[in-house]
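A.B. asks: Provided herewith is a single structure, encoded as structure tokens, for subsequent inquiry.
Quick look at the structure:
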């Protein structure tokens with residue numbers, strides 16, 4: 001069940017669905033910079049808190065850009081003592097932040113209900129606060145607005161820190177609250193360096209946490225005044241008093257801890273929240289304090305820095321003294337502005353006792369003239385001194401807080417950082433690849449060189465990482481093509497994968513044989529990578545037994561093995577006509593090799609020579625030389641050839657028998 005929610009005032013934002021996902025259902029809290037709504041995440045079906053920035057901030061591009069950057073940084077921070085940030089966006093003219101919805105109350109509510117806490121209870125609250133801050137400091141994130149309103153206590157006693165980066169997002173744009181001041185934040189918790197120079201780091205959070213510890217032990221902050229400027233003056237010029245002056249039961253060791261964490265010199269404080277936490281844990285052991293449950297009290301809904309909106313709180317939201325701004329210098333023509341002084345008791349450094357009453361007026365008595373004049377001169381002197389001091393502070397908090405971004409583009413990273421630090425600016429380095437700017441050199445700055453910004457602001461430096469190159473791994477060889485192509489694409493850089501086919505006796509079919517360019521080569525974005533894939537073996541064996549076979553069958557067998565087949569014809573006395581009489585080459589050959597099969601055209605043919613008139617012996621020799629056989633017969637008598645068959649000049653198969661008729665001439 002949500003805590004008390006103002007329902008009498010109609011809120012036009014209620015019922016809106018942001019980005020089609022977050023339905024705003026109940027207004028939980030409202031303040032100078034934002035309003036918090038309990039909402040339902042329609043996508044994940046869960047309750048969330050949505051912080052909606054006020055309208056004038058939502059229309060400032062500088063604020064929106066910085067708000068998004070700070071929200072992303074906060075979203076990366078995951079810790080049980082930090083309110084989780086899950087989303088941010090801009091929709092329907094609203095800039096918003098989606099956070100964890102914490103059921104409970106703020107530390108401010110607890111203090112108002114209890115007045116002050118025991119040492120054990122104060123430590124029980126501060127330890128998880130510092131644990132969350134320590135995680136932020138390790139991640140390079142500074143809160144800059146630690147105060148009881150930003151500490152949430154759930155109904156189960158869990159303590160969480162909220163609103164990381166929000167005050168910084170607003171301050172970085174030069175925005176003020178509705179009162180027109182120049183310094184955003186609750187003055188009661190700002191460190192001297194934030195007030196004097198507008199700079200903050202982890203030690204500034206330590207200071208604010210030390211002030212919160214003081215308030216837990218005494219029931220109120222260390223300083224009070226009629227104006228924020230009066231409170232700021234005391235932070236800058238006075239040390240935080242020991243809590244035991246207000247609460248005598250506070251041990252002296254705790255007084256010293258509060259003193260160390262609220263030193264005006266940042267270098268004298270613990271370096272970060274982790275160091276502060278270690279001191280509290282050690283002190284708790286030294287004092288013999290056991291673990292004390294975190295006090296919870298009556299529960300309401302807590303979501304961030306803002307309290308639940310009631311009719312009374314809604315009426316005074318614009319003037320809530322817990323979050324105030326320091327007015328800027330408004331003098332004209334170079335004159336020193338005169339700022340009304342707070343009452344003497346307030347400037348003195350401490351709040352008056354809670355139940356103090358105004359003294360009754362004393363009866364008038366006669367005062368000698370010389371004493372009256374002396375008092376007037378003394379009062380005028382004091383007023384002038386304070387006016388000059390406060391005027392100087394006003395100047396510093398006004399125009400004196402501005403500086404120019406030095407020329408850092410084209411400088412080396414360390415040199416640029418040095419220039420910014422000398423100008424009291426905080427460098428935030430991001431890196432980008434560049435084909436033109438050498439590695440380690442600043443490409444650009446945001447704000448740009450020469451821009452006027454508040455001292456202590458962030459300046460984003462874009463530093464070159466040199467040319468962007470991608471390297472293909474040699475392990476791709478032997479992998480299936482799909483896996484290798486996916487590995488190349490996973491390198492990024494819009495690398496284009498092209499497949500080529502080849503054959504290999506060593507690589508499995510479908511796997512990568514080679515990579516071009518060669519593995520280890522540095523490639524530009526968009527380069528082409530050719531993966532050659534094995535489609536089969538690179539060699540084959542010409543089969544035996546093709547001689548004497550049908551030429552068509554022999555050719556089909558060779559084609560199936562990947563050979564190119566050529567045909568030739570010849571004659572053979574051994575192979576019948578129309579059959580394969582020879583194959584060339586034989587044995588193991590490359591895939592695609594041309595293999596010639598020779599088809600027999602029958603036996604070898606010869607022309608029968610003319611042996612007429614020759615003796616049988618000579619005729620037989622001539623015919624035998626032509627590859628012909630001889631048979632003879634004699635007519636009457638004689639050994640001279642008078643007739644031959646086949647006759648001279650006829651073409652016959654080699655081995656044909658030639659019949660000779662012998663007689664006398």
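Residue numbers (UniProt numbering): 1 to 665.
Just so it is clear, CB atoms sit at the ideal spot from N, CA and C, and this is done for glycine as well.
1. Who are the near neighbours of residue 584 in its chain, counting only those whose CB is closer than 6 Å to its CB and skipping five residues on each side?
2. For residue 287, which of 655, 279 and 200 has the nearest alpha-carbon?
3. For the alpha helix (DSSP H) holding residue 214, just list the boundary residues, first then last.
4. Only counting runs of 4 or more residues, tell me where the alpha helix (DSSP H) segments fall wholly within the segment 468-515, in order along the chain.
5. May I have the straight-line CA-CA distance separating residue 200 from residue 484, to the nearest angstrom?
6. Would you call the segment 526-536 and the segment 497-510 in contact, with 3 or more CB pairs under 8 Å?
7. Considering just the uninterrupted stretch of the beta strand (DSSP E) at residue 590, what are its terminal residues?
8. Drop a sphere of 10 angstroms on the beta-carbon of residue 123, count the other beta-carbons inside from all chains shown, and report buried for 16 or more, exposed for fewer.
9. Is there contact here, the segment 186-194 with the segment 207-225, by at least three beta-carbon pairs under 8 Å?
10. Using C-beta distances below 8 Å, list every residue in its chain close to residue 10, excluding the 5 sequence neighbours before and after it, in chain order.
11. Does residue 312 pass the burial test, meaning 16 or more other C-beta atoms within 10 Å, or should it be called exposed?
12. What are the start and end residues of the alpha helix (DSSP H) that includes residue 286?
13. Report the rounded CA-to-CA distance for residue 666 versus residue 653, giving the unit in angstroms.
14. Check the C-beta distance from residue 673 over to residue 600 and give it rounded, since I have them as a contact under 8 Å.
15. Over the uninterrupted alpha helix (DSSP H) stretch that includes residue 188, give me the two end residues.
16. Based on DSSP bridge pairs, tell me the residues matched to residue 152.
17. Given residue 243, which residues of its chain have a CB within under 7 Å of its CB, disregarding the five upstream and five downstream residues?
18. Nearest-angstrom Cα distance between residue 442 and residue 518?
19. By alpha-carbon positions, which one of 155, 120 and 50 ends up nearest to residue 105?
20. In the segment 414-439, which residue ranges form an unbroken alpha helix (DSSP H) of at least 4 residues, counting only runs that do not cross its ends?
21. Taking just the CA atoms, how far does residue 625 sit from residue 565?
22. Leaving out five residues before and five after residue 468 in sequence, what residues of the same chain have Cβ atoms less than 6 Å from its Cβ?
23. So the alpha helix (DSSP H) residue 411 belongs to, where does it begin and stop?
24. With DSSP run on the structure shown, which of helix, strand or coil describes residue 645?
25. Give every residue of the same chain whose Cβ lies closer than 6 Å to the Cβ of residue 204, excluding the five residues on either side of it in the sequence, and list them in chain order.
26. How would you call residue 172, buried or exposed, if buried means at least 16 neighbouring beta carbons within 10 angstroms?
27. Distance, Cα to Cα, residue 316 vs residue 463?
28. Sorted by chain position, which residues of the same chain lie with C-beta nearer than 7 Å to residue 559's C-beta, five sequence neighbours on each side aside?
29. Taking 7 Å as the cut-off, decide whether the C-beta atoms of residue 39 and residue 22 are in contact.
30. Taking residue 617 as the reference, give the member of 641, 602, 607 and 89 with the closest Cα.
31. Within 10 Å of its beta-carbon, does residue 659 have 16 or more other beta-carbons around it, so buried, or fewer, so exposed?
32. What three-state label does DSSP hand residue 46 in the structure shown?
33. What residue from 93, 198, 43 and 58 has the CA that sits closest to residue 424's CA?
34. Taking the continuous beta strand (DSSP E) assigned at residue 567, which residues delimit it?
35. Alpha carbon to alpha carbon, what distance is there between residue 623 and residue 569?
36. Helix, strand or coil: how does DSSP classify residue 14 here?
C.D. replies: In terms of the structure at hand:
1. Hits under 6 Å: 596.
2. When each option's Cα is compared against that of residue 287, the closest is 279.
3. Secondary structure note for residue 214: its alpha helix (DSSP H) is the uninterrupted segment 202-218.
4. Within the segment 468-515, the complete alpha helix (DSSP H) runs of at least 4 residues fall at 481-490.
5. Each residue's Cα considered, the two are about 50 Å apart.
6. Yes: at least three Cβ pairs fall under 8 Å.
7. From DSSP, the beta strand (DSSP E) with residue 590 extends over 587-590.
8. For residue 123, the number of other beta carbons within 10 angstroms of its own is at least 16, and it is reported as buried.
9. Yes, the segment 186-194 touches the segment 207-225.
10. There are no such residues.
11. Residue placement at residue 312 cannot be trusted, given a pLDDT of 35 that sits under 50; what the coordinates show is reported in the next sentence. Around the beta-carbon of residue 312, fewer than 16 other beta-carbon atoms lie within 10 Å, marking it exposed.
12. Taken as a continuous stretch (DSSP letters only), the alpha helix (DSSP H) holding residue 286 covers 273-286.
13. Nothing can be reported for residue 666, as the shown portion of the chain is limited to 1 through 665.
14. This structure does not reach residue 673, given that the chain is present from 1 up to 665, and the question cannot be answered.
15. That residue, residue 188, is in no alpha helix (DSSP H); it is neither H nor E in DSSP.
16. BP columns for residue 152 point to 106 and 160.
17. Within the same chain, and ignoring the five residues on either side of residue 243 in sequence, the residues whose Cβ sits closer than 7 Å to its Cβ are 214, 217, 218, 250, 254, 255 and 258.
18. Separation of residue 442 and residue 518 (C-alpha to C-alpha, rounded to the nearest whole angstrom) is 33 Å.
19. Ranking 155, 120 and 50 by Cα distance to residue 105 puts 155 first.
20. The DSSP assignment places no complete run of the alpha helix (DSSP H) inside the segment 414-439 (cut-off: 4 residues).
21. So the two alpha carbons sit approximately 37 Å from each other.
22. Excluding sequence neighbours, residue 468 sits near 433 and 525.
23. For residue 411, there is no enclosing alpha helix (DSSP H), as DSSP marks it with neither H nor E.
24. Residue state, collapsed to three classes: strand.
25. Closer than 6 Å at Cβ, skipping near neighbours: 191 and 194.
26. Caution is warranted here: a pLDDT of 44 is assigned to residue 172, below 50, making its placement in the model unreliable, and the coordinate value is therefore given only provisionally. When all chains shown are included, residue 172 counts as buried.
27. Bear in mind that the predicted position of residue 316 carries a pLDDT of just 34, short of 50, making it unreliable; the figure below should be weighed with that in mind. C-alpha of residue 316 to C-alpha of residue 463: approximately 48 Å in a straight line.
28. Same-chain partners within the cutoff: 565.
29. Yes; because the gap between Cβ atoms is below 7 Å, this pair is in contact.
30. Put simply, of 641, 602, 607 and 89 the residue whose alpha carbon is nearest the alpha carbon of residue 617 is 641.
31. Around the beta carbon of residue 659, fewer than 16 other beta carbons lie within 10 angstroms, which makes this residue exposed.
32. In this structure, DSSP gives residue 46 an extended state, which the three-state scheme calls strand.
33. Selection 93, 198, 43 and 58 evaluated against residue 424 yields 198 as nearest (Cα-Cα).
34. According to the DSSP assignment, residue 567 belongs to the beta strand (DSSP E) that extends over 564-570.
35. Straight through space, the alpha carbons of residue 623 and residue 569 are spaced by roughly 26 Å.
36. The answer is coil: DSSP assigns residue 14 none of H, G, I, E or B.
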